[in-house]
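Below is one structure, written out as C-alpha cells; the observations come after it.
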Amino acid sequence: MPVDDQFARSDMAALYDHFNAHGKDRAYYLSLASSPCRILDIGCGTGLLTLPLAADGHQVTGVDPAPGMLSIAKAKDSEARVQWVQAAAAEFDLRERFQLAIMTAHVFQVFLTDDDTLKALRNIARHLEPDARLVFESRNPSRCEWETWTQEKTKTRRHILGQGTVEVFYQYRDVQGDQVTFDAVYTMADGDRLVSSSTLRFPSLDTITDLLAQAGFSITQVYGWWDKTPFDPNSSSEIIVHARRI
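Read the sequence shown against the UniProt record's numbering and you will find it ends at 246, with the numbers running on by one and no gaps.
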C-alpha cells in the first residue's frame with residue numbers, strides 16, 4: 001500500500017503535530033495499561049501517543065510505513081525509549097510478543113479492502129500473546145462524517161515558528177461504496193500549496209466483527225465515544241473496539 005504524501009514527505013509530516021493536538025482519545029489510550037507491559041503501536045506516526053506510553057514505563061514498539069512521520073518521532077525520542085520500525089502493518093516482523101496492541105488516529109481505516117485488513121490483523125495477531133488485547137477506533141459510517149470535510153467547515157490556521165501562518169483544509173472528492181477519497185490542502189505562509197490525496201474505508205461494525213473473527217480475535221467491548229458511552233449504530237461518532245486474541 002502506498003503511503004500518502006502528507007505522511008511520507010518530510011515537509012508535510014513536519015506540520016502534523018501542529019494541526020493534531022491531543023484529544024480525548026489520548027487519555028483513553030493512556031489508561032488502557034495500568035501496570036507496565038509490552039505495547040505495540042501500529043501506525044504510530046510522530047509518536048504522539050507512543051512517547052507518553054513509554055514515559056509511563058511501558059516497553060513500546062512503534063510501527064509506521066511513513067518515513068516522514070517516523071523521522072519526527074525519532075527526533076522527539078531523545079532518550080531512545082521506543083523501538084521504531086518502518087514497515088506496513090501487514091509486513092513488520094519482530095521476534096517479541098506483546099500484551100497490548102493499539103491503532104489510534106483512525107489508522108484502521110487505511111486498510112481499504114477485506115484482504116488488506118485481514119493481512120494486517122493476522123500479522124498483528126501473530127505478534128500478540130494469547131489473550132492479549134487489541135484496541136482501535138474507526139469512524140461510524142452511519143454518521144457520514146466525510147460530508148463535513150469541506151474547505152468551509154475544516155479550514156484551520158496555525159502560526160508555526162520559523163514558517164509563519166500555515167492553513168489547512170480537507171475536501172472530500174469521491175465516495176465509492178465504503179471508501180472515501182479526500183484531499184488535505186496546506187497553504188504555506190509564502191502562498192505555496194501542498195496537496196495530499198487520501199482514501200479511507202468506513203467499515204460497519206458487522207464488517208469489523210467478521211474480519212476480527214477471521215483473524216483470530218474476539219470482540220469484548222464496543223464504545224461509541226471516549227467516555228465509554230455504549231455504541232449506537234445510528235448516533236455514535238466512533239466505533240471503539242476492544243478485542244482479545246483467541
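Ideal placement from N, C-alpha and C gives every residue a C-beta, glycine not left out.
**Q.** Pick from A88, V185, P141 that is closest to V175, judged by C-alpha positions
**A.** P141
Q. Cβ atoms of S71 and A125: under 9 Å apart, would you say?
A. no
Q: Determine the extent of the beta strand (DSSP E) in which G238 is found, giving its start and end residues.
A: Per the sequence presented here, residue 238 reads as Glu, with Gly not at that position. 238-245 is the extent of the beta strand (DSSP E) around E238.
**Q.** Nonlocal neighbours in the same chain, by C-beta distance under 8 Å from Q179, ignoring five residues either side
**A.** Within the same chain, and ignoring the five residues on either side of Q179 in sequence, the residues whose Cβ sits closer than 8 Å to its Cβ are L112, T199, L200, R201, F202.
Q) In the structure shown, what three-state DSSP assignment does F108 receive? A) helix
Q.
For Y172, list the residues DSSP reports as bridge partners.
A. F182
Q: Determine the burial state of A21: buried for a count of at least 16 other Cβ atoms within 10 Å of its Cβ, exposed for fewer.
A: exposed
Q: Give me the Cα-Cα distance between T187 and L48, rounded to the nearest whole angstrom.
A: 24 Å
Q: Would you check if there are 3 or more beta carbon pairs closer than 8 Å linking the region 201-215 to the region 115-124?
A: Counting Cβ pairs under 8 Å, three or more are found: they touch.
Q) Considering only C-alpha positions, which residue in the set V82, K74, R81, D115 is nearest to A89? A) D115
Q. Just how far apart, CA to CA, sit D4 and S204?
A. When the Cα atoms are used, D4 and S204 turn out to be separated by approximately 24 Å.
Q: Pull up the distance between the alpha-carbon of T104 and that of E238, whole angstroms please.
A: 12 Å
**Q.** Start and end residues, beta strand (DSSP E) containing A132
**A.** DSSP places A132 inside the beta strand (DSSP E), whose first and last residues are 128-139.
**Q.** Whole-angstrom C-beta distance between F92 and I39, which should lie under 8 Å
**A.** The pair is not a contact, with the Cβ atoms about 14 Å apart (cut-off 8 Å).
**Q.** V185 vs R193 beta-carbon contact at 9 Å
**A.** It is a contact, given that the beta carbons lie within the stated cut-off.
Q: Quick one: grab the DSSP three-state call for S198.
A: strand
Q: With a 10 Å radius around its C-beta and 16 neighbouring C-beta atoms as the bar for buried, classify E152 as buried or exposed.
A: exposed
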